[in-house]
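Just so you know, we're using this note's numbering here: the sequence shown kicks off at 69 and counts up by one.
Data block below; observations after.
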Amino acid sequence: MTALTELPAAAASYDDLVERVLAGGYGPAPRTRRISVAFTTRQAVRHEGRGSGYRNEVLSLRLAEAVGSCAVEPGELPDGAVEECVGADVARLLRHELAPVRVAALDAYLMHALPHGPGSGGHPCPLPAGTSLEKSRARAEAVVDLVGAEPGATVLVVGVVNSLLEALRTRGLAYVPCDLKGGTTEWGEPVRTDALAELGRCDAVLASGMTLGNGSFEPLRRHARHHGIPLVMFAQTGSAILPRLIGSGVTAVCAEPYPFFWLDGGRGTVHRYGGTL
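The structure is reproduced here in structure tokens:
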């Protein structure tokens, strides 16, 4: 689909963005667009040389040429949720009882209406081919470039990815790692589970798009806007959603649409929005 000739102004919040989409503010009426394919992707990984691994599960919905995604905790998505999405119109799915379905549907619609690229305000950033760890580190550099904090600053990291922490460390940035799963980082640091409780001691926030699906995004956005601190999002979940919130608390986004870097050893592309690139 051809991108809009003029980009809409930033939405005031996630809910405002949904209402604008439902009202036709970003393109065709969502009730006229149906999901043709729905699927989940499950992954377990331990990069060579790393002491720990992790699992991912992602719900993805295809609308014409576009794929929208929302990560979920492994095993969280009910049986039948995928089948419920197939053939359903986007307007219906934007009101679905399950948050991951709502997020994936909005992501698919906006990917369809505003595909990533310069026409939508994005700057493509190539990722080289390589091992899973090499690609993880390359993506981390693309993300951390957007933070723009001076050495010595403290970054709240919501959604722990060890390659991101490594990139922050090499730039002399302190960080507070947070993740609902808890645990420890690759360097034995405790992972906090309440990100909102840590906001007051951090100079910037680097957060996963997964916060859209678990309900923690809006409190982070409101805090960042109220206090004027950078909020940078790294987004496989909601890669087409979060750029529409730059200027309303979100500072920059590194958007990574499906297929994600961990699915393929070949070259890839992320799309960066905002920041000082």
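Ideal Cβ placement from N, Cα and C applies to all residues, glycine included.
Asked: Are the Cβ atoms of residue 254 and residue 230 separated by less than 8 Å?; Found: yes
Asked: Nearest to residue 146 by alpha carbon, out of 136, 131, 159, 169?; Found: 169
Asked: Can you give the beta carbon distance from residue 252 to residue 259, rounded, assuming they're within the 8 Å contact cut?; Found: 6 Å
Asked: Suppose you measure from the CA of residue 206 to the CA of residue 94; what does that come to, to the nearest Å?; Found: 32 Å
Asked: Could you give the distance in angstroms between the alpha-carbon of residue 342 and the alpha-carbon of residue 214?; Found: 8 Å
Asked: Can you tell me which of 210, 129, 171, 257 puts its alpha carbon nearest to the alpha carbon of residue 151?; Found: 129
Asked: For residue 297, tell me which candidate among 85, 148, 275 has the shortest Cα-Cα distance.; Found: 275
Asked: Find out if the Cβ-Cβ distance for the pair residue 309, residue 288 is shorter than 8 Å.; Found: no
Asked: Tell me, to the nearest whole angstrom, how far the beta carbon of residue 208 is from that of residue 178; I am working on the premise that it is less than 8 Å.; Found: Not a contact, Cβ separation roughly 25 Å.
Asked: Who are the Cβ neighbours of residue 330 in its own chain at under 8 Å, not counting the five residues just before and after it?; Found: 111, 113, 124, 200, 203, 204
Asked: Residues bridged to residue 336 by DSSP?; Found: 195
Asked: Please look up how many angstroms separate the CB atoms of residue 162 and residue 236, rounded, as I've assumed it's under 8 Å.; Found: Not confirmed; about 35 Å, so no contact.
Asked: Does DSSP put residue 341 in a helix, in a strand, or in coil?; Found: strand
Asked: Whose CA, out of 302, 292, 286, lies closest to the CA of residue 84?; Found: 286
Asked: DSSP has residue 130 in a bridge; who is on the other side?; Found: 105, 135
Asked: How big is the Cα-Cα spacing for residue 250 and residue 278?; Found: 15 Å
Asked: Taking Cβ positions, are residue 273 and residue 224 nearer each other than 8 Å?; Found: yes
Asked: For residue 324, count neighbouring Cβ atoms within 10 angstroms of its own Cβ and tell me buried if that reaches 16, exposed if not.; Found: buried
Asked: Would you mind sorting residue 332 into buried or exposed? The rule is 16 or more other CB atoms within 10 Å of its CB.; Found: exposed
Asked: Between which residues of its own chain and residue 166 is the CB-CB distance below 7 Å, once the five residues before and five after are set aside?; Found: 149
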